[in-house]
Amino acid sequence: MQGKHWLILWVAFLCGVLATFAQFAVPPVMPALFERYGISYTEAGLLMSMFAIATLLFATPCGFIIQRYGVRNVGLAGLLLIMAGLACTLFAGNFLQFVAGRAVQGVGFGLVAVSAPTAIGQFLPADRMPVAMGIWSTWIPVGNLIVFFAAPRVLASLSIEAYWMLLIASMVPGILLFALVIPNPPRDRSARMLPERAVLLDELKNTDVWAAALTFAAFTFGIFSLTTWSATYLNEVMGLPLVLAVSGTLIYAVASIASDLYGGVLLHKFGHRRAMFVLPPTLLLLLWPLFAIPDLTVFCVTIGVFSLISGVIPPIVFASAPLLARRPQGIGVAMAIVIVGENLGFLIGPQVFGWLREVTGTFTASFWAMGLGALLQIFTLNHLYRTGVFARRPAAAPAPAPASQPPARPAC
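Basically my numbering = 1-based index in the sequence shown + 1141.
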């Protein structure tokens, strides 16, 4: 069964990566969308925000839906909705239709983003969770890397229509593998797993899970702003062509993949240390202002160091959610809460970043504002540390004294 566990992990991971293709489809082609639809910076931020709003609205009930219909059915529905949303953007005749397509993609993304890690949490042993979730945590940077690398080249050699068609076609292998590999509990077991309303409400009152969600919101508030706007920043401020302007995002994606992976390993070894939780966001807080320096070398070094540090945080969040759930039946709800937090930051961050750029006329205030998310993470991650969710098990208690030897009285 051990091989089956890892197969489930890798199929869930693949489908998560495919879902991020839709999530990051817009930022690398943003200049082309400016030209095609004549939109403002605030409207461009809406393309990412509408995606996040739809994800938020449907990720919340997804934890409940999984209990009734199973992770396989919910994940398949999400992938099919992403395909439909990409088709809407392909045939969009105006900006409003394009936004509607993004909303449909966001609904599908929300279902995949909850069902895929829930499958990992349900079918993998708890002792493998830090490493497994460290691998899972790379789903976003891997998808980010592929899209930002491929998108400018597809536009340069083909067309934006071909770009959307390739994204639609990429969903097909994910749908087939998810249907064949991810198990659904038998009907009678599903009925037994269906939590009562009181159990669900109890999970929704779990402040520790909400602390993990708030951590993720603060994290994505800055990270998604950076990945959304960095190509535009390098294109406008430093004059790089679009093919080279995506280099900042590519550096982030490559470095964060590595840090996500070793983040899971470090969490497994040092999850009992406070520094594992509070040191990374403290360093990010110090790095954010450096992005505003209009120098390409400084930007590349900063984003490289930033990525090597920031990737440690997602494994903490993803691995803590199923472990903080009060009951096994609540894992799906816990994951849904975490995804809500992720997309709350995704919703607010790029919009705030674009609005500050438009109001001030520069990117300086935008980068400084992102440090607020790092500041909040210091407090929320410290809370997760205090829960002891990754603490080492205490040593076995000494054997009790024989009955003939009464325990010594405490000294007065």
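By construction, the Cβ of each residue, glycine as well, lies at the ideal position given by its N, Cα and C atoms.
All of these numbers come straight from a predicted model, not from anything done at the bench.
Go ahead and pull the three-state DSSP assignment for residue i.
{"i": "H1146", "result": "helix"}
{"i": "T1348", "result": "helix"}
{"i": "I1454", "result": "helix"}
{"i": "H1413", "result": "coil"}
{"i": "N1214", "result": "helix"}
{"i": "N1523", "result": "helix"}
{"i": "V1419", "result": "helix"}
{"i": "L1555", "result": "In the structure as shown, the chain starts at 1142 and stops at 1553, and residue 1555 therefore has no counterpart that could be examined."}
{"i": "T1279", "result": "coil"}
{"i": "P1336", "result": "Unreliable placement is indicated for P1336, whose pLDDT of 49 sits below 50; the coordinate value is still reported in the next sentence. Correct three-state label for P1336: coil."}
{"i": "A1166", "result": "coil"}
{"i": "M1379", "result": "coil"}
{"i": "S1190", "result": "helix"}
{"i": "T1161", "result": "helix"}
{"i": "T1505", "result": "helix"}
{"i": "G1529", "result": "coil"}
{"i": "L1488", "result": "helix"}
Please return the same chain residues whose Cβ sits closer than 7 Å to the Cβ of residue i, not counting the five positions on each side in sequence.
{"i": "A1233", "result": "F1239 and G1242"}
{"i": "L1497", "result": "A1506, S1507 and A1510"}
{"i": "V1288", "result": "F1162, F1165, A1166 and P1169"}
{"i": "I1180", "result": "L1174 and F1236"}
{"i": "H1409", "result": "P1271 and V1272"}
{"i": "M1312", "result": "L1159, L1220, I1223 and M1224"}
{"i": "V1395", "result": "L1286"}
{"i": "W1305", "result": "L1227, T1230 and L1231"}
{"i": "I1301", "result": "V1170 and A1173"}
{"i": "W1280", "result": "F1154, G1157, V1158 and T1161"}
Which residue from the options puts its Cα closest to that of residue i?
{"i": "A1195", "options": "A1173, T1356, G1216 and N1484", "result": "N1484"}
{"i": "V1474", "options": "S1311, W1496 and Q1208", "result": "Q1208"}
{"i": "T1390", "options": "D1436, T1368 and V1453", "result": "T1368"}
{"i": "F1199", "options": "I1364, V1215 and L1188", "result": "V1215"}
{"i": "G1495", "options": "G1249, F1250, P1324 and S1366", "result": "S1366"}
{"i": "P1282", "options": "I1364, L1428 and V1446", "result": "I1364"}
{"i": "L1517", "options": "G1452, F1418, V1442 and P1491", "result": "F1418"}
{"i": "T1348", "options": "L1155, L1525 and I1149", "result": "L1525"}
Just confirm the distance between the C-beta atoms of residue i and residue j, as a whole number of angstroms; I'd bet it's less than 8 Å.
{"i": "G1486", "j": "A1358", "result": "4 Å"}
{"i": "L1402", "j": "I1276", "result": "7 Å"}
{"i": "V1479", "j": "A1462", "result": "5 Å"}
{"i": "T1521", "j": "L1355", "result": "5 Å"}
{"i": "P1324", "j": "R1213", "result": "7 Å"}
{"i": "L1428", "j": "F1447", "result": "5 Å"}
{"i": "V1322", "j": "I1206", "result": "In fact, because the Cβ distance is near 20 Å, the residues do not count as touching under 8 Å."}
Just how far apart, CA to CA, sit residue i and residue j?
{"i": "L1375", "j": "S1400", "result": "24 Å"}
{"i": "I1392", "j": "T1528", "result": "34 Å"}
{"i": "P1258", "j": "F1236", "result": "33 Å"}
{"i": "G1226", "j": "G1186", "result": "18 Å"}
{"i": "F1459", "j": "M1171", "result": "30 Å"}
{"i": "V1255", "j": "A1320", "result": "16 Å"}
{"i": "S1397", "j": "F1432", "result": "17 Å"}
{"i": "P1435", "j": "T1503", "result": "11 Å"}
{"i": "E1184", "j": "R1468", "result": "42 Å"}
{"i": "F1290", "j": "F1440", "result": "18 Å"}
{"i": "V1481", "j": "I1444", "result": "26 Å"}
{"i": "A1515", "j": "Y1182", "result": "24 Å"}
{"i": "V1493", "j": "P1422", "result": "20 Å"}
{"i": "V1384", "j": "S1371", "result": "13 Å"}
{"i": "G1262", "j": "I1472", "result": "7 Å"}
{"i": "T1361", "j": "L1317", "result": "30 Å"}
{"i": "P1543", "j": "A1353", "result": "With a pLDDT of 46 at P1543, under the threshold of 50, the predicted position of this residue should be treated as unreliable, though the coordinate-derived value follows. Taking the straight line joining both Cα atoms gives about 46 Å."}
{"i": "D1343", "j": "V1350", "result": "11 Å"}
{"i": "L1335", "j": "A1260", "result": "Because L1335 sits at a pLDDT of 47, beneath the cut-off of 50, its placement in the model cannot be relied upon, and the following sentence gives the value as read from the coordinates. Cα to Cα, the separation comes out at about 16 Å."}
{"i": "K1346", "j": "V1152", "result": "32 Å"}
{"i": "I1519", "j": "L1420", "result": "8 Å"}
{"i": "N1523", "j": "L1464", "result": "17 Å"}
{"i": "A1310", "j": "E1499", "result": "36 Å"}
{"i": "V1253", "j": "L1217", "result": "8 Å"}
{"i": "G1247", "j": "P1491", "result": "15 Å"}
{"i": "P1535", "j": "G1512", "result": "No answer about P1535 holds up, because its pLDDT of 40 lies below 50 and its placement is not dependable."}
{"i": "V1453", "j": "R1415", "result": "14 Å"}
Is residue i close to chain D? Criterion is C-beta to C-beta, closer than 8 Å.
{"i": "F1508", "result": "Chain labels in this structure do not include chain D; a single protein chain is all it has."}
Got a sec? Which residues, its chain only, sit under 8 Å from residue i by beta carbon, not counting five neighbours each side?
{"i": "A1244", "result": "M1191, F1192, I1194, A1195 and G1226"}
{"i": "L1308", "result": "F1162, A1163, A1166 and L1227"}
{"i": "P1202", "result": "A1477"}
{"i": "L1437", "result": "L1375, M1379 and L1381"}
{"i": "H1146", "result": "F1264, L1265, P1266 and R1269"}
{"i": "D1329", "result": "With a pLDDT of only 41 at D1329, under 50, the local geometry of the prediction cannot be trusted, and the value read off the model is given with reservation. Closer than 8 Å at the Cβ level, and outside the excluded window around D1329, lies no residue."}
{"i": "G1128", "result": "Limits of the chain in this structure are 1142 at one end and 1553 at the other, which puts residue 1128 out of reach."}
{"i": "G1405", "result": "P1271, V1272, A1273, M1274, G1275, I1276, S1278, P1456 and A1460"}
{"i": "G1251", "result": "A1195, T1196, L1197, L1198, F1199, A1200, C1203, G1219, I1480 and N1484"}
Once the 5 residues before and after residue i are set aside, which same chain residues still bring their CB inside 6 Å of it?
{"i": "L1424", "result": "I1450"}
{"i": "S1298", "result": "none"}
{"i": "G1635", "result": "Here the chain has residues from 1142 to 1553 only, and residue 1635 is not among them."}
{"i": "A1332", "result": "Here the model assigns A1332 a pLDDT of 43, short of 50, so the residue's position is not dependable, and the following value carries that caveat. If we look at A1332 and ignore the five residues flanking it on each side, it has no Cβ neighbours."}
{"i": "Y1178", "result": "F1236"}
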